[in-house]
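Chains A and B, in that order, give the protein sequences.
The first sequence maps to residues 124 to 240 in my numbering.
The second sequence maps to residues 142 to 256 in my numbering.
Each residue gets a CB set at the ideal place from its N, CA and C atoms; glycine is no exception.
Keep in mind it's a predicted model, so treat the numbers as computed, not measured.
As structure tokens, the structure follows; a few thoughts come after it.
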Amino acid sequence: GAVVSQHPSWVICKSGTSVKIECRSLDFQATTMFWYRQFPKQSLMLMATSNEGSKATYEQGVEKDKFLINHASLTLSTLTVTSAHPEDSSFYICSASIPAGGSYEQYFGPGTRLTVT
Amino acid sequence: AQSVTQLGSHVSVSEGALVLLRCNYSSSVPPYLFWYVQYPNQGLQLLLKYTTGATLVKGINGFEAEFKKSETSFHLTKPSAHMSDAAEYFCAVSVDGGATNKLIFGTGTLLAVQP
């Protein structure tokens with residue numbers, strides 16, 4: 124089956140520093156990947172849609188300059204949280220869209236827990 | 142705009158009992174509907190999906206869901222709960238089945254299974 128990995132699985136950083144999170148599709152190519160944010164005991168909120176070779180499409184209210192997304196290859200998308208602050212602490216999850224049964228399905232990575240101190 | 146409402150943020154059942162997790166959606170176009178399960182500190186795993194055709198959809202781990210257009214519902218059921226079913230369950234809707242289809246998630250239902 125389709126496997127999506129994320130690295131790191133957890134990271135602690137100091138306020139003001141930047142953190143990069145990688146999302147990889149291990150056994151398939153993904154033209155489209157998605158980045159979500161999940162607060163404790165809450166649902167997933169879509170942050171942006173990442174398309175290989177083009178600029179990401181951000182959801183309303185998501186700061187493009189703070190959450191930099193790069194999708195340079197068909198198997199890798201990265202999310203960089205720039206100048207992180209404690210309020211950026213969250214669980215970040217990526218997914219990759221692949222064809223399945225006449226439509227597309229999203230396969231999710233295991234998530235990255237970011238803690239900003 | 143699409144939206145999903147999951148009634149009951151917490152549901153507790155006894156092992157062997159029926160599991161019923163409720164999901165109602167709002168969509169201006171025929172929806173694509175999904176149920177995902179999330180175990181602690183993990184990503185989401187697809188349980189089942191409805192696109193078109195048969196309204197009763199069977200998924201993994203013995204779960205199934207029925208699409209009822211008249212009730213705008215897509216409730217998830219399992220005849221007999223197992224301890225391993227304890228997890229968070231999310232219902233989601235999208236407007237199409239394309240590669241860039243955005244998923245709109247409900248707020249989730251935490252299922253507890255009592256021995």
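The stretch 136-155 of chain A makes no contact with the stretch 189-207 of chain B; the number of CB pairs closer than 8 Å stays below 3. In the three-state scheme derived from DSSP, where H, G and I count as helix and E and B as strand, B/N202 is classed as helix. A/E228 counts as buried, since at least 16 other C-beta atoms from the protein chains shown sit within 10 angstroms of its C-beta.
C-alpha of B/A227 to C-alpha of B/V236: approximately 29 Å in a straight line. According to the DSSP assignment, B/Y177 belongs to the beta strand (DSSP E) that extends over Y173 to Q179. A check of alpha carbon separations from A/I192 across A/E175, A/K137, A/K164 and A/S226 identifies A/E175 as the nearest.
Taking C-beta separations shorter than 7 Å and ignoring five residues to either side along the sequence, the partners of A/Q129 in its chain run I144, E145, C146, C217, G232, P233, G234 and T235, following chain order.
Bounds of the beta strand (DSSP E) holding A/S148 are V142 to S148. Taking C-beta separations shorter than 8 Å and ignoring five residues to either side along the sequence, the partners of A/T240 in its chain run I135, C136, K137, S138 and P209, following chain order. By the 16-neighbour rule on beta-carbons within 10 angstroms, B/W176 is buried. Neighbours of A/E145 in chain B, taken as residues at a C-beta separation under 7 Å, are lacking, since the least C-beta distance is about 14 Å. For the stretch 206-240 of chain B, the residues whose beta carbon sits under 7 Å from a beta carbon of chain A are, in order, F231, G238, G239 and A240. Only T154 and T155 from the stretch 153-164 of chain A bring a Cβ to less than 7 Å from some Cβ of chain B. Non-local C-beta neighbours of B/S167 in its own chain, meaning closer than 7 Å and more than five positions away in sequence, comprise Q143, S144 and T213, ordered along the chain.
With three or more CB-CB distances shorter than 8 Å, the stretch 243-256 of chain B counts as touching the stretch 146-162 of chain B. DSSP places B/M224 in no beta strand (DSSP E); its state is neither H nor E. Taking the Cα positions, B/L174 is about 23 Å away from A/T180. Counting along the chain, A/E228 sits inside the beta strand (DSSP E) bounded by residues S226 to F231. If you keep only unbroken beta strand (DSSP E) runs of at least 3 residues inside the stretch 167-202 of chain A, you get 167-174 and 190-196. The DSSP-derived three-state label of A/P222 is strand. Residues of the stretch 210-240 of chain A whose Cβ lies closer than 9 Å to any Cβ of chain B, in chain order: F214, I216, C217, S218, S220, I221, P222, A223, G224, G225, S226, Y227, E228, Q229, Y230, F231, G232, P233, G234 and R236. In this structure A/F162 is exposed. Its beta-carbon is surrounded by fewer than 16 other beta-carbon atoms within 10 angstroms.
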